[in-house]
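In my numbering, the protein residues as written are 1201 to 1359.
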C-alpha cells in the first residue's frame, strides 16, 4: 500500500511538473504569435506602400514603350515589383508560421487539459488509498501515519 501511495504521489508530481512546463511553453507561444501577427501587419503595410508607388507611375512605363529617359523609371518599377514579390513571399511564410504556431498552441492546450484530467484521476486514486488506509488494522496504524506524513509533506512542497 505504501509503494502504491508513493507511486501515485510520484505520478501526481510528474503530472504537475508537465503542466507547469506546458504552461510556460504556452505563454512563450502566445508571445511568438503576437510577434508574428505584428510582423504580418508590417509586411502588409509595406506591400500597400509599394502597390501605391506602382499606381503612381505613369501607365506608359508599364506597357514597355520605353525611351532613354524612362529606363530609370523602368528599373525602379522592376525593383518595386521584385520587392513586392519578396514581401508577398515573406507574408505567406509568416502566415504559415502563424498557422503552425496556432496549431501547436491548440495541441498544448489539449495536452494541458489531458494532464489536468490525469491529475484529477490521480487525486481520486490517492483518495481511495486514503480510504483504504483508514480501514487498516490497529497494528498497521503507525505505518499509515508515516505515509500520511509523507503525503502531506509532498503536497505542501509541490503544491
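The beta-carbon is built from N, C-alpha and C at its ideal position, and this holds for glycine as well.
Proximity of residue i and residue j at Cβ, strictly below 9 Å
i	j	result
residue 1295	residue 1250	no
residue 1331	residue 1211	no
residue 1346	residue 1219	no
residue 1229	residue 1304	yes
residue 1257	residue 1276	yes
residue 1205	residue 1326	yes
residue 1226	residue 1309	yes
residue 1186	residue 1280	Missing from the structure shown is residue 1186; the chain here goes from 1201 to 1359 and no further.
residue 1301	residue 1232	yes
Supposed close pair residue i, residue j - CB separation, criterion 8 Å
i	j	result
residue 1284	residue 1247	6 Å
residue 1243	residue 1209	That belief does not hold up - the Cβ atoms of residue 1243 and residue 1209 are roughly 51 Å apart, past 8 Å.
residue 1282	residue 1236	About 24 Å; that fails the 8 Å criterion.
- Task: Could you pull out every unbroken alpha helix (DSSP H) segment of at least 4 residues lying fully inside the stretch 1225-1293, listed in chain order?
- Result: 1259-1263
- Task: Can you check the stretch 1296-1333 for any beta strand (DSSP E) of at least 3 residues that lies completely inside it and give the ranges in chain order?
- Result: none
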